[in-house]
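Visitor:
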Amino acid sequence: MSLDYIMTLLKPMLEGAQITVLLFIIAIIASIPLGFLLTLAARSKIKPLSWFAHTYIYVMRGTPLLLQLLFICFGLPMLPVVGEYLVLDRFVAAALGFILNYAAYFAEIFRGGLISIDKGQYEAAHVLGLNRWQTMTRIIIPQMIRVALPAIANESITLVKDTALLYAVAVPELLHFAQTAVNRDFTIMPFFLAGIIYLLMTLVLSFIFKWIERRFRYA
Amino acid sequence: MTVISVVDVKKSFGKTEVLKGISLNIKKNEVVSIIGPSGSGKSTLLRSMIKLEEINSGSIIIDGEALVENGKYAKPQNVKNMIAKMGMVFQHFNLFPHLTVRENLEIAPNMAKMGTKAEIRQRSEALLAKVGLRDWMDAFPGNLSGGQKQRVAIARALMMEPEILLFDEPTSALDPELTVEVLQVMKELAKEKMTMIVVTHEMGFAKEVSTKSIFMDQGEVVEEGKPDQLFTSPQHERTKAFLKRNLK
Ligand SMILES: Nc1ncnc2c1ncn2[C@@H]1O[C@H](COP(=O)(O)OP(=O)(O)O)[C@@H](O)[C@H]1O
Ligand SMILES: [Mg+2]
């Protein structure tokens, strides 16, 4: 097995990895804030809003991500009347699926983070004259993030691996090119390479989160 | 001059009435100690004054202005202004753990734009020196002893230049040897004529430092008076029984 062969394998796989990384970045950037909004909605005093958020989180976490992706990519266009307007670009559709799904998981993580904060923190902020916005942004959210960071890191690593589900909706990503090469060349080398690339990605991500966790540490 | 008057205040949690028509007046420069068995409503009364609890009926007048009148609260902006006249110190300190000691002191005045950053910084340094923690400015609360935390909490409350300070059992979470340093700071404030309302189990402090003592039991003010009177010749059976149990 020559180095040349590995190089020819790597080229398309690394291109596929770009799709993986792109999806990861889009999904994480959109689903974290969306997840936080869901958490706030779930805690809201406005009953229908809170009910909607709870149901949403329950459904998204209670059904397989693969099913949700298939539904958005292939199910939506089959809906009567509106279906023809819902034929999305595969990548866009998949990204949407990841965002909607991961937002529910992040919402659950943030909920736990908020619960862990002592009510004395809100009370101290109140008697010092901080308004709600200041209390949330300066006092509550920074503490919540610290509590939630390890879980966010875990979820993000899962997200990297879940991008392989793009394979099922025929978006050509890393795994797709590996599989193609395996079929073509009758060798399992591409699978090893794919594994190594995934490992590298999750490794880099772990380092990034370790660094962020150190930044958020206080005595 | 009366700075807080509480008129026939009632408050229930669910079906249990915790404050059963409380009335009292607090004058400027007074140090009022509130004593009584646990569960008698002392904290709830104190917390109602700064609107950490909402009362069901009665009035609370701060500096001549109604925070709540016959159960009806003032407009949010007015409520905010009245709350700003008071500071509060909690049993469990409630410092912000993610901020340094200095940041704990400066965050609220900065948010309220009480001065330039430099002015606020100067004030925080002066107040930390006053409570003996000048060297701990850059520490996080997690690295302080309980007594130090409570002194930071007092300095933090003072940053907002309150007219009245409320203390809810400020030394109850502390070991006896750490209690002393906190009481020392409070005595200092009393000497400077700070108006203070202190819920406490420290009978020594109540007796020596306060200018008025209030005994509460089961949601009522049973008896109030000058500490030497109340402690040496209580008028009511309930006061007598409580003091007998708590004075050594
Ligand atoms: N948030 C709350 N919800 C329900 N009951 C409460 C709450 N806070 C206090 N109580 C009850 O009110 C009564 C008075 O409590 P509190 O004011 O804390 O008394 P004290 O400070 O004198 O010990 C107690 O019976 C307590 O259980
Ligand atoms: Mg209490």
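In the order they appear, the protein sequences are chains R and U.
If you're matching positions, the first sequence starts at 1 in UniProt numbering and goes up one per residue.
If you're matching positions, the second sequence starts at 1 in UniProt numbering and goes up one per residue.
We treat Cβ as the ideally placed atom computed from N, Cα and C, and that holds for glycine.
Quick one, which residues of the region 120-139 of chain R are near chain U if we go by CB-CB under 7 Å, in chain order?
Guide: Those residues of the region 120-139 of chain R that come within reach of chain U (Cβ to Cβ, closer than 7 Å) are 120, 121, 123, 124, 126, 127, 128, 129, 130, 134, 138, 139.
Visitor: Have a look at U:141, U:158, U:150 and flag the residue whose alpha-carbon is nearest the alpha-carbon of residue 124 (chain U).
Guide: Along the second sequence, read from residue 1 onward, the residue named residue 124 (chain U) stands at position 124. Selected option, being the one with the closest Cα: U:158.
Visitor: Give the range of the alpha helix (DSSP H) segment to which residue 159 (chain U) is assigned.
Guide: Residue numbering aside, residue 159 (chain U) sits at position 159 when the second sequence is read from its first letter. 146-159 is the span of the alpha helix (DSSP H), which, as asked, contains residue 159 (chain U).
Visitor: Are residue 42 (chain U) and residue 199 (chain U) closer than 9 Å when you measure CB to CB?
Guide: Taking the first residue of the second sequence as position 1, residue 42 (chain U) is located at position 42. Taking the first residue of the second sequence as position 1, residue 199 (chain U) is located at position 199. Yes, the Cβ-Cβ distance between residue 42 (chain U) and residue 199 (chain U) is below 9 Å.
Visitor: Cβ-heavy atom distance between residue 13 (chain U) and ligand 1 below 8 Å?
Guide: Counted from its first residue, the second sequence places residue 13 (chain U) at position 13. True, at least one ligand heavy atom lies under 8 Å from that Cβ.
Visitor: So, is residue 32 (chain R) buried or exposed, given that buried needs 16 or more other C-beta atoms within 10 angstroms?
Guide: Along the first sequence, read from residue 1 onward, the residue named residue 32 (chain R) stands at position 32. Residue 32 (chain R) is buried by the Cβ-count criterion.
Visitor: Can you check DSSP and say which residues form a bridge with residue 66 (chain U)?
Guide: Translated into positions along the second sequence, residue 66 (chain U) becomes position 66. Residue 66 (chain U) is bridged to U:61.
Visitor: I want to see whether chain U comes within less than 9 Å of residue 110 (chain R), judged by CB atoms only; does it?
Guide: Numbered from 1 along the first sequence, position 110 holds the residue referred to as residue 110 (chain R). Answer no: the Cβ-Cβ gap between residue 110 (chain R) and chain U never drops below 9 Å.
Visitor: 9 Å is my cut-off, CB to CB: does residue 216 (chain R) come that close to chain U?
Guide: Here residue 216 (chain R) corresponds to residue number 216 of the first sequence, with the count starting at 1. Residue 216 (chain R) counts as touching chain U.
Visitor: Tell me the DSSP secondary structure of residue 246 (chain U) in three-state form.
Guide: What you label residue 246 (chain U) is simply residue 246 of the second sequence in a count that begins at 1. Residue state, collapsed to three classes: helix.
Visitor: Please list, in chain order, the residues of the region 135-166 of chain R that have any C-beta partner in chain U closer than 8 Å.
Guide: So the list reads 138, 139, 142, 143, 146, given in the order they occur along the chain.
Visitor: Of all the options R:184, R:178, R:206, R:215, which has the alpha carbon lying nearest to the alpha carbon of residue 15 (chain R)?
Guide: Here residue 15 (chain R) corresponds to residue number 15 of the first sequence, with the count starting at 1. For residue 15 (chain R), the nearest C-alpha among the options comes from R:178.
Visitor: For residue 250 (chain U), return the contacting residues in chain R, with the cut-off set at a CB-CB distance below 7 Å.
Guide: Since the displayed chain U opens at 1 and closes at 248, residue 250 (chain U) lies outside it and no answer follows.
Visitor: Would you report the Cα separation of residue 192 (chain U) and residue 184 (chain U), rounded to the nearest angstrom?
Guide: Sequence index remark: in the second sequence, residue 192 (chain U) carries index 192 (1-based). Sequence index remark: in the second sequence, residue 184 (chain U) carries index 184 (1-based). One C-alpha to the other measures close to 13 Å.
Visitor: Among U:225, U:110, U:97, U:2, which one has its Cα closest to the Cα of residue 27 (chain U)?
Guide: By one-based count along the second sequence, residue 27 (chain U) stands at place 27. Closest option to residue 27 (chain U), Cα to Cα, is U:2.
Visitor: Measuring CA to CA, which of U:97, U:23, U:8, U:89 is closest to residue 169 (chain U)?
Guide: Residue 169 (chain U) sits at position 169 when you count from the first residue of the second sequence. Of the listed residues, the one whose Cα sits closest to residue 169 (chain U) is U:89.
Visitor: Exposed or buried, what is residue 213 (chain U) when buried is set at 16 or more other beta-carbons lying within 10 Å of its beta-carbon?
Guide: Here residue 213 (chain U) refers to the residue found at position 213 of the second sequence. Classification for residue 213 (chain U): buried.
Visitor: Just tell me which of U:153, U:219, U:218, U:232 has its CA closest to the CA of residue 206 (chain U).
Guide: Locating residue 206 (chain U) in the second sequence gives position 206, where the first residue counts as 1. Cα-wise, what sits closest to residue 206 (chain U) is U:232.
Visitor: For chain R, find out if any of its Cβ atoms is closer than 9 Å to the Cβ of residue 140 (chain U); answer yes or no.
Guide: Taking the first residue of the second sequence as position 1, residue 140 (chain U) is located at position 140. Taking Cβ atoms only, chain R reaches closer than 9 Å to residue 140 (chain U), which makes this a yes.
Visitor: Quick check: residue 6 (chain U) and residue 25 (chain U), are their CB atoms within less than 9 Å of each other?
Guide: By one-based count along the second sequence, residue 6 (chain U) stands at place 6. By one-based count along the second sequence, residue 25 (chain U) stands at place 25. For residue 6 (chain U) and residue 25 (chain U), yes; Cβs fall inside 9 Å.
Visitor: With a threshold of 8 Å, establish whether the CB of residue 23 (chain U) neighbours any heavy atom of ligand 2.
Guide: Sequence index remark: in the second sequence, residue 23 (chain U) carries index 23 (1-based). Because no heavy atom of ligand 2 lies under 8 Å away, the Cβ of residue 23 (chain U) does not count as near it: no.
Visitor: By the three-class DSSP mapping on this structure, what secondary structure does residue 46 (chain R) have?
Guide: For the purposes of this step, residue 46 (chain R) is taken as the residue at position 46 of the first sequence. Note: residue 46 (chain R) maps to coil in three-state DSSP.
Visitor: Within a Cβ cutoff of 8 Å, which residues of the same chain sit near residue 57 (chain U), ignoring the five residues on either side of it in sequence?
Guide: Against the second sequence, residue 57 (chain U) aligns to sequence position 57. Answer for residue 57 (chain U): 8, 9, 10, 70, 71, listed in chain order.
Visitor: In terms of alpha-carbon separation, which member of R:142, R:198, R:98 lies closest to residue 27 (chain R)?
Guide: Reading the first sequence from its first residue, position 27 is the one you call residue 27 (chain R). Closest option to residue 27 (chain R), Cα to Cα, is R:98.
Visitor: Cβ atoms of residue 169 (chain R) and residue 90 (chain R): under 9 Å apart, would you say?
Guide: Residue mapping note: residue 90 (chain R) aligns to position 90 of the first sequence, counting from 1. Residue mapping note: residue 169 (chain R) aligns to position 169 of the first sequence, counting from 1. Cβ atoms of residue 90 (chain R) and residue 169 (chain R): closer than 9 Å.
Visitor: Listed in chain order, which residues of the region 232-243 of chain U have Cβ atoms closer than 9 Å to some Cβ of chain R?
Guide: Residues passing the 9 Å Cβ filter: none.
Visitor: Any idea what DSSP makes of residue 143 (chain U), helix, strand or coil?
Guide: In the second sequence, the residue the question calls residue 143 (chain U) occupies position 143. Looking at residue 143 (chain U) - three-state DSSP - the assignment turns out to be helix.
Visitor: Just tell me which of U:209, U:40, U:171, U:152 has its CA closest to the CA of residue 188 (chain U).
Guide: Start at 1 with the first residue of the second sequence, and residue 188 (chain U) comes out as number 188. The candidate whose alpha carbon is nearest that of residue 188 (chain U) is U:209.
Visitor: Mind checking whether the beta-carbon of residue 45 (chain U) lies closer than 8 Å to any heavy atom of ligand 1?
Guide: Sequence index remark: in the second sequence, residue 45 (chain U) carries index 45 (1-based). Under cutoff, so the answer is yes.
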